[in-house]
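Following the working numbering, the numbering of the sequence shown begins with 45 at its first residue and continues without gaps.
Each residue gets a CB set at the ideal place from its N, CA and C atoms; glycine is no exception.
Report on the structure given below.
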Amino acid sequence: MKDFISKINQFTQKFSSPQTEKMAVEPEDRVHIPFTKLIFGPLGILSVRISELFKISAVFALLISLCTILLGFSGICFSPYRDSYFYCSNSQALYLLGLLLKVFLISMFFARWYNIAFRRANYSLKTVFLPTKRDVIFFGGLFIFLLLNLTPVLSFYLLYMRVPNPDWIVELAYFACVSVGFLVPFWLMRFYALGAAYLSEEKLPSLGYLWKRSKGNNLSIILSVFLIIVIMSFFALYYQQGLSSIDVEYANWSGTVLEYVYNLFLLMVLSLFVNHCWFQKKFLLGEDDGNNTAN
C-alpha cells in the first residue's frame, strides 16, 4: 500500500513541480482568477460561516450603534424626525470623531472576521474588544484607502467649479489631469490582496508585483465589487425606507432599533469585501492561512 501511495505522489509531482518552479522563477507572470470564484466565492464563505459572522457582527454592530447614538449622529438625525429623537448633535468635531471611531470599529471587525473565517481563530470577549497595535496600523491603512477612493468626488468638484479657459489646449490638459481621479478606485481594486496579506501576518508584496500578477482580471474584480456594492445599496435603501415610515411618537425606540439592525446587516455585507480580498490573495499570493473554506 505504501509503495502504491509513493508511486501516486511521484506521478503527481511530475505535473506540480514544473508549475512550482515556474512560479519561483517568474513570479511576475499574470495569474488568472476564476470568474465564478471571484463573483460567488465571497457569498459562499458567508453562507458557510453565517452563524459565526452573525455573532461577531452583533457585537460590533452594538459598539458602532452606541458610538453613533451617544455622539448624536445616528441615522435618524439626518431625517425629518431629527427633532423627535432624544439626542442629535450639531458639532462638526463630534461628527468627525464619530466617523473616525466608526471606521476604527469597522477595521477591528474586519480583522476579527478574517481571523475567524480564514485562520480558524476562537475569540473570547477580551480578544474581541481589546484593540491591538495591528488594529491601529490596519485602521490607518483602511482610512487612507477610503480617502483614495474618494478622489472621484474631488475630481467631480474640480470639474464642476472650474472656470472655462478660452485656450482649448489648457482646457483639455486640465480636464485630462483632473479626470485621472475617476480611475483611482479601479486601480485600487487590484491591490485588495494587500489587506488580506496584512491580516494574515504575511510579508507584504510590492505594488508592482501585485499589479503584474493581477493583470487581465479587471472585469472579474469590477463585477465582484459591483455586486457587493449593489447588495449594500439595497440595505441602505431599506434603512431609509424604514426611517421614513416610523411613528414620531416612538421615534426614540424605533430609531435606535433601526440603527442597530442597519449596522448589523451592514457589517455582514461588508464581510463580503473581506472575503473578496482573501480570494484575491489566494490566487495572486497563495493560500497560507490553513483554511479550506472556499475550496
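Exposed or buried, which one is residue i when buried takes at least 16 other CB atoms within 10 Å?
i: Met36; result: In the structure displayed, the chain extends from 45 to 339; residue 36 sits before or after that span and is not available.
i: Glu303; result: buried
i: Gln285; result: exposed
i: Ala220; result: exposed
i: Ser268; result: buried
i: Arg164; result: exposed
i: Gly239; result: buried
i: Asn261; result: buried
i: Leu192; result: exposed
i: Ile273; result: exposed
i: Lys170; result: exposed
i: Val313; result: buried
i: Ala137; result: exposed
i: Tyr129; result: buried
i: Cys199; result: Looking at the sequence shown, residue 199 is not Cys but Ser. Buried, because 16 or more other Cβ atoms sit within 10 Å of the Cβ of Ser199.
i: Phe270; result: exposed
i: Leu243; result: buried
i: Lys325; result: buried
Assuming residue i contacts residue j (C-beta within less than 8 Å), just tell me the rounded distance between them.
i: Leu115; j: Gly142; result: 4 Å
i: Phe323; j: Val75; result: With a Cβ gap of about 12 Å, Phe323 and Val75 do not count as contacting.
i: Leu311; j: Ser109; result: Not a contact, Cβ separation roughly 11 Å.
i: Leu97; j: Trp157; result: 7 Å
i: Ala217; j: Leu329; result: Actually they are not in contact, since the Cβ atoms of Ala217 and Leu329 sit about 39 Å apart, beyond 8 Å.
i: Lys81; j: Cys111; result: Going by Cβ atoms, the distance from Lys81 to Cys111 rounds to 36 Å, so no, they are not a contact pair.
i: Val295; j: Tyr125; result: First, the residue type needs correcting, since residue 295 is Ala and not Val in the sequence shown. That belief holds up - the Cβ atoms of Ala295 and Tyr125 are roughly 5 Å apart, short of 8 Å.
i: Leu90; j: Ser315; result: 6 Å
i: Phe183; j: Ser133; result: That belief does not hold up - the Cβ atoms of Phe183 and Ser133 are roughly 23 Å apart, past 8 Å.
i: Val222; j: Leu202; result: 5 Å
i: Ala161; j: Arg93; result: 5 Å
i: Phe153; j: Phe104; result: 4 Å
i: Ile266; j: Phe230; result: 7 Å
Would a check of beta-carbon distances place residue i closer than 8 Å to chain C?
i: Val197; result: This model lacks chain C altogether, as it is built from one protein chain only.
Examine the Cβ distances between the segment 80 to 93 and the segment 314 to 322 and report whether three or more of them are shorter than 8 Å.
yes
Is it the case that the segment 254 to 261 contacts the segment 222 to 236, given that we only count it when at least three CB pairs across the two stretches are under 8 Å?
yes
With a cut-off of 8 Å, do at least 3 Cβ pairs link the segment 116 to 126 to the segment 177 to 191?
no
Give a yes or no on contact between the segment 287 to 301 and the segment 139 to 154, applying the rule of three or more CB pairs nearer than 8 Å.
no
What ranges does the alpha helix (DSSP H) occupy inside the segment 139 to 193, keeping only unbroken runs of at least 4 residues that lie completely in it?
169 to 173 and 177 to 192
At a cut of 8 Å, does the segment 161 to 179 reach the segment 201 to 215 through at least three beta carbon pairs?
They do not touch, by the three-pair rule.
In chain order, which continuous runs of the alpha helix (DSSP H) of length 4 or greater are located wholly inside the segment 238 to 295?
251 to 257 and 262 to 288
Whole alpha helix (DSSP H) runs in the segment 203 to 230 with 4 or more residues, listed along the chain?
212 to 223
Within the segment 79 to 117, note down every full alpha helix (DSSP H) run reaching 4 residues or more, in order along the chain.
79 to 92 and 94 to 114
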